[in-house]
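Asker:
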Amino acid sequence: MSALDLSLHEQAAAIASGETDPAALLEAALTRIEHRNPALNAVVATFPERSREMLAAAPAGPLRGVPVVIKDEWPLPWRAQRFGAAEMIGPAAAGESGPYRALRDAGAVLVGVGNMHELGASSTGNLSVYGAAHNPWDLERCPGGSSSGPAAAVAARLVAGAVGADGVGSIRFPAAYCGLTGLKPTFGRAAMDGHHMAGISTTIVAGPLCADAADARLLGSVLCGEELAAGEARGLRIGVVRDAVAEDVAPAVATACAAAIEALREQSGGEVLEIELPDLDAAALAAVLIANTEGLAGLSPSRLRRLDPELSPIARGLLKYRLLLPAAAGIKAQRVRTLMRRRLAALFEQVDVIAWPTVPAVAPPLAAPLVELPSGTLTADQANVRGAGLANLAGIPAISVPVGSSEGLPIGLQLQAAWGRDELLLDAAEALERATARRWVEALPPLAREAETAGA
Amino acid sequence: MHDPGQSGAVGLPRQMEASNRADDFIPAGLASLGIEADEVELAVIGAAHELFWPAILDLYELDTGAVAPEPLPDLSRAPAIS
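The listed protein sequences derive, respectively, from chains A and B.
So for the first sequence, our numbering puts the first residue at 1; every next one is plus one.
So for the second sequence, our numbering puts the first residue at 1001; every next one is plus one.
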């Protein structure tokens, strides 16, 4: 087995102990990207000389010598971010970003930039200036967006960890679709400087995409600049919502998530409590409205008249529509934010985590990202945002954990906790892994299994 | 003095139905901004409008008047419960 197939923390430990040569690991990662990436389009840029320079200068940090991928949302000193698009509305320039500095100072080695959905505008990842990334579990399926490339890269074991960003579910969607553990930290907790929306966005936060919770804890700690200390999830009070929105979920997803919630309850010796959390649809819309209008300062009719023709018609149309959104909707959205934050604060007096499916159906086809739900056929974006927007709206941390499979595609359970309780989510995710004998976090997609057999 | 019946006298319906028809809203909105959109962009804008507008109308109907504002919210922390 290649050291690349070790987990993120195992790679770090093997390098620290001298068991693994980090230079050999870096070259193996670059070679694996060459072999596996053409089918995936997960990594859109590599820079071997820069990677070797990073390794040569790597300090003895917690990720010394460990290869990682970063989403095309963050600038690097040698490369401006492209945000998955021919043209960004915000400023794009090469430079140091908070996640870059955090990784560099931890000793990590950036081996590539991860693909992403154009302008971060979808949960699917089926559109990008680089071409769509593909889901390693089924190359014709969506990898999830907008952090499509980072997720596909980790799921295919090109690297053991990748950095994404989550403005409305953009870490959790691809984590669920690709069978990974993806953490959206509490708003403001992870390094954000250098992002083109830093100081503007009230929803976006950087976070890790990894195979399991231990790796997400390690990479998340680096990104947050503080240890997300491990504890025991004991006596968890797990809140579940039973209403028309929360239960409009594909049967296989509902079954897997219900089983996982019960397994988590049993493992932690806790209890499951039915809770009321009305207006989830309004909360999701509020999150979308806020996320889609916070960047409008740089948008003007004259700018819209000279958009890059290489920008997709979908992006051009959506940008134009953004300027038509009424200000009153934004005001209402902010008041819904206040309402939901207060409701959550009260709820988190009664429960430790709130659990529901990360997405209501498994990854849809790239060519037609529609999902079949009990209520009918919806676009994946329309369906997915319902469960994801709340955490971004309120600022609370959330995690997606793999808990099952249907049609050979992963199913993710989302856990949300009170502000600053990111560690509890990781503890709960680890408890769930123990309860399921790590079956779902150790599952490999066909592409990685076949390549492993072939020695690629 | 305002006579509610006058609206009918000038040809306006007494009660307007909300509409999510992109045909009504989009061309006027784009024209007011002086923006052109090609056929594909118009289809995208129309689809987005048909998706968003009913939800925005529902949002407008949500009575948030009694929700006390949270001045300068710190989104990294819990709000004060009131």
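Here a beta-carbon is modelled for each residue, glycine too, at the ideal position from N, C-alpha and C.
Since the structure is predicted, the reported quantities are computational estimates derived from the model, not experimental observations.
1) Going by DSSP in three states, Trp-1053 (chain B) sits in which element: helix, strand or coil?
2) Where do the ends of the beta strand (DSSP E) carrying Arg-237 (chain A) lie?
3) Below 7 angstroms CB to CB, which residues in the same chain sit around Trp-419 (chain A) once its five sequence neighbours on both sides are set aside?
4) Extract the residue ranges of the beta strand (DSSP E) inside the region 130-204 of chain A, only unbroken runs of 3 or more that lie entirely within it.
5) Three-state secondary structure (DSSP) at Ser-472 (chain A)?
6) Give me the chain A residues within the contact set of Asp-1058 (chain B), using Cβ-Cβ distance strictly less than 9 angstroms, ordered along the chain.
7) Is the Cβ of Val-336 (chain A) closer than 8 angstroms to any Cβ of chain B?
8) Would DSSP call Pro-99 (chain A) helix, strand or coil?
9) Just mark Glu-87 (chain A) as buried or exposed, buried being the case when its beta carbon has 16 or more other beta carbons within 10 Å.
10) Would you give the residue range spanned by the alpha helix (DSSP H) that Glu-34 (chain A) belongs to?
11) Less than 8 angstroms between the C-beta atoms of Gly-182 (chain A) and Pro-174 (chain A), yes or no?
12) Compare the C-beta of Ala-418 (chain A) with all C-beta atoms of chain B and state if any pair is closer than 8 angstroms.
13) Can you have a look at Ser-17 (chain A) and say buried or exposed, based on whether 16 or more other CB atoms are within 10 angstroms of its CB?
14) Quick one: what's got a C-beta closer than 7 angstroms to Arg-322 (chain A)'s C-beta in the same chain, skipping five residues either side?
15) For Leu-223 (chain A) and Leu-127 (chain A), what's the separation of their Cα atoms in angstroms?
16) Could you name the residues of chain E that Gln-382 (chain A) contacts, counting a contact when the two beta carbons are closer than 9 angstroms?
17) Would Lys-320 (chain A) count as contacting chain B if we go by Cβ distances under 8 angstroms?
18) What residue from A:Ala-263, A:Ile-15, A:Thr-338 has the CA that sits closest to Ala-355 (chain A)'s CA?
19) How would you call Met-340 (chain A), buried or exposed, if buried means at least 16 neighbouring beta carbons within 10 angstroms?
20) With 8 angstroms set as the bound, which would you pick, yes or no: does the beta-carbon of Leu-1062 (chain B) sit closer than that to a beta-carbon of chain A?
21) Could you tell me whether any Cβ in chain B is nearer than 8 angstroms to the Cβ of Lys-332 (chain A)?
22) Nearest-angstrom Cα distance between Asp-352 (chain A) and Leu-432 (chain A)?
23) Using only alpha-carbon positions, find the residue among A:Ala-24, A:Glu-274, A:Arg-306 that is nearest to Leu-347 (chain A).
24) First and last residue of the alpha helix (DSSP H) that includes Pro-313 (chain A)?
25) With a Cβ-Cβ cutoff of 8 angstroms, do Ala-155 (chain A) and Gly-188 (chain A) count as a contact?
26) Kindly indicate which three-state DSSP category Thr-293 (chain A) falls into: helix, strand or coil?
27) From the DSSP output, read off the bridge partner residues of Gly-207 (chain A).
28) Evaluate Gln-350 (chain A) with the Cβ neighbour count: other Cβ atoms within 10 Å of its Cβ, from every protein chain shown; 16 or more gives buried, anything less gives exposed.
29) Pick from A:Ala-391, A:Ala-258, A:Gly-330, A:Thr-20: whose alpha carbon is nearest that of Phe-1052 (chain B)?
30) Please give me, in chain order, every unbroken run of the beta strand (DSSP E) with length at least 3 that falls completely inside the region 348-381 of chain A.
31) Would Ala-1031 (chain B) pass as an interface residue toward chain A - the criterion being a Cβ-Cβ separation below 8 angstroms?
32) Of the residues A:Ser-51, A:Gly-107, A:Trp-74, A:Ala-80, which one's Cα is nearest the Cα of Pro-99 (chain A)?
33) Please name the residue, chosen from A:Cys-257, A:Ala-315, A:Gly-84, that lies closest to Glu-1041 (chain B) on a Cα-to-Cα basis.
34) Spell out whether any CB of chain B is found under 8 angstroms from the CB atom of Ile-204 (chain A).
35) If you run the structure through DSSP and keep just helix, strand and coil, what is Ile-1035 (chain B)?
36) Buried or exposed: Gly-1008 (chain B), going by 16 or more other Cβ atoms within 10 Å of its Cβ?
Answerer: According to the data block:
1) Counted from its first residue, the second sequence places residue 1053 (chain B) at position 53. Of the three classes helix, strand and coil, the one that applies to Trp-1053 (chain B) here is helix, per DSSP.
2) For this step, residue 237 (chain A) is matched to residue 237 along the first sequence. Segment 237-241, the beta strand (DSSP E) holding Arg-237 (chain A).
3) As a first step, residue 419 (chain A) must be located in the first sequence, where it is residue number 419. Contacts found: Thr-186, Gly-395, Ile-396.
4) 161-166, 181-184
5) The requested residue 472 (chain A) is not part of the displayed model; chain A covers only 1 to 456.
6) Translated into the one-based positions of the second sequence, residue 1058 (chain B) becomes position 58. Simply Asp-281, Ala-282, Leu-285.
7) Locating residue 336 (chain A) in the first sequence gives position 336, counting from the first residue. Closer than 8 angstroms: yes.
8) Translated into the one-based positions of the first sequence, residue 99 (chain A) becomes position 99. In the three-state scheme derived from DSSP, where H, G and I count as helix and E and B as strand, Pro-99 (chain A) is classed as helix.
9) If you number the first sequence from 1, residue 87 (chain A) lands on position 87. Looking at its Cβ environment, which holds 16 or more other Cβ atoms inside 10 Å, Glu-87 (chain A) is buried.
10) By one-based count along the first sequence, residue 34 (chain A) stands at place 34. 22-40 is the extent of the alpha helix (DSSP H) around Glu-34 (chain A).
11) As a first step, residue 182 (chain A) is located in the first sequence; it is residue number 182 there, counting from the start. As a first step, residue 174 (chain A) is located in the first sequence; it is residue number 174 there, counting from the start. For the 8 angstroms CB-CB criterion, Gly-182 (chain A) and Pro-174 (chain A) form a contact.
12) Translated into the one-based positions of the first sequence, residue 418 (chain A) becomes position 418. Yes, because at least one Cβ of chain B sits closer than 8 angstroms to the Cβ of Ala-418 (chain A).
13) For the purposes of this step, residue 17 (chain A) is taken as residue 17 along the first sequence, with counting starting at 1. Exposed is the call here.
14) Looking up residue 322 (chain A) in the first sequence gives position 322. Excluding sequence neighbours, Arg-322 (chain A) sits near Asn-292, Thr-293, Leu-296, Leu-299.
15) Residue numbering aside, residue 223 (chain A) sits at position 223 when the first sequence is read from its first letter. Residue numbering aside, residue 127 (chain A) sits at position 127 when the first sequence is read from its first letter. If you take the alpha carbons of Leu-223 (chain A) and Leu-127 (chain A), they lie about 27 angstroms apart.
16) No chain E appears in the structure shown, which is made up of the protein chains A and B.
17) Indexing the first sequence from 1 puts residue 320 (chain A) at position 320. Yes, because at least one Cβ of chain B sits closer than 8 angstroms to the Cβ of Lys-320 (chain A).
18) Position 355 of the first sequence, counted from the first residue, corresponds to residue 355 (chain A). Taking only the C-alpha atoms, the option nearest Ala-355 (chain A) is A:Ala-263.
19) Position 340 of the first sequence, counted from the first residue, corresponds to residue 340 (chain A). So Met-340 (chain A) counts as buried.
20) As a first step, residue 1062 (chain B) is located in the second sequence; it is residue number 62 there, counting from the start. Output row for Leu-1062 (chain B): interface = yes.
21) The count along the first sequence starts at 1 and reaches residue 332 (chain A) at position 332. Lys-332 (chain A) counts as touching chain B.
22) The residue you call residue 352 (chain A) lines up with position 352 of the first sequence. The residue you call residue 432 (chain A) lines up with position 432 of the first sequence. Answer to the nearest angstrom: the Cα atoms are 15 angstroms apart.
23) For the purposes of this step, residue 347 (chain A) is taken as residue 347 along the first sequence, with counting starting at 1. Ranking A:Ala-24, A:Glu-274, A:Arg-306 by Cα distance to Leu-347 (chain A) puts A:Glu-274 first.
24) For the purposes of this step, residue 313 (chain A) is identified with residue 313 of the first sequence, where counting begins at 1. Note, Pro-313 (chain A): alpha helix (DSSP H), 313-322.
25) Along the first sequence, one-based indexing puts residue 155 (chain A) at 155. Along the first sequence, one-based indexing puts residue 188 (chain A) at 188. Going by C-beta atoms, Ala-155 (chain A) is not nearer than 8 angstroms to Gly-188 (chain A).
26) Numbered from its first residue, the first sequence carries residue 293 (chain A) at position 293. Looking at Thr-293 (chain A) - three-state DSSP - the assignment turns out to be helix.
27) Position 207 of the first sequence holds residue 207 (chain A). Answer is A:Gly-164, bridged to Gly-207 (chain A).
28) Within the first sequence, the letter at position 350 stands for residue 350 (chain A). Answer is exposed; the Cβ neighbour count stays below 16.
29) In the second sequence, residue 1052 (chain B) corresponds to position 52, counting from 1. With distances taken between Cα atoms, Phe-1052 (chain B) lies closest to A:Gly-330.
30) Taking only runs of at least 3 residues, the beta strand (DSSP E) segments lying wholly in the region 348-381 of chain A are 353-357, 370-373, 376-379.
31) In the second sequence, residue 1031 (chain B) corresponds to position 31, counting from 1. No, because no Cβ of chain A sits closer than 8 angstroms to the Cβ of Ala-1031 (chain B).
32) Mapped onto the first sequence, residue 99 (chain A) falls at position 99. Pro-99 (chain A) has its Cα closest to that of A:Trp-74, out of A:Ser-51, A:Gly-107, A:Trp-74, A:Ala-80.
33) Mapped onto the second sequence, residue 1041 (chain B) falls at position 41. Minimum Cα distance to Glu-1041 (chain B) is reached at A:Ala-315.
34) Taking the first sequence and counting its residues from 1, one reaches residue 204 (chain A) at position 204. Not one chain B Cβ lies under 8 angstroms of Ile-204 (chain A).
35) What you label residue 1035 (chain B) is simply residue 35 of the second sequence in a count that begins at 1. Three-state DSSP puts Ile-1035 (chain B) in coil, outside helix and strand.
36) Within the second sequence, the letter at position 8 stands for residue 1008 (chain B). Bear in mind that the predicted position of Gly-1008 (chain B) carries a pLDDT of just 47, short of 50, making it unreliable; the figure below should be weighed with that in mind. It counts as exposed.
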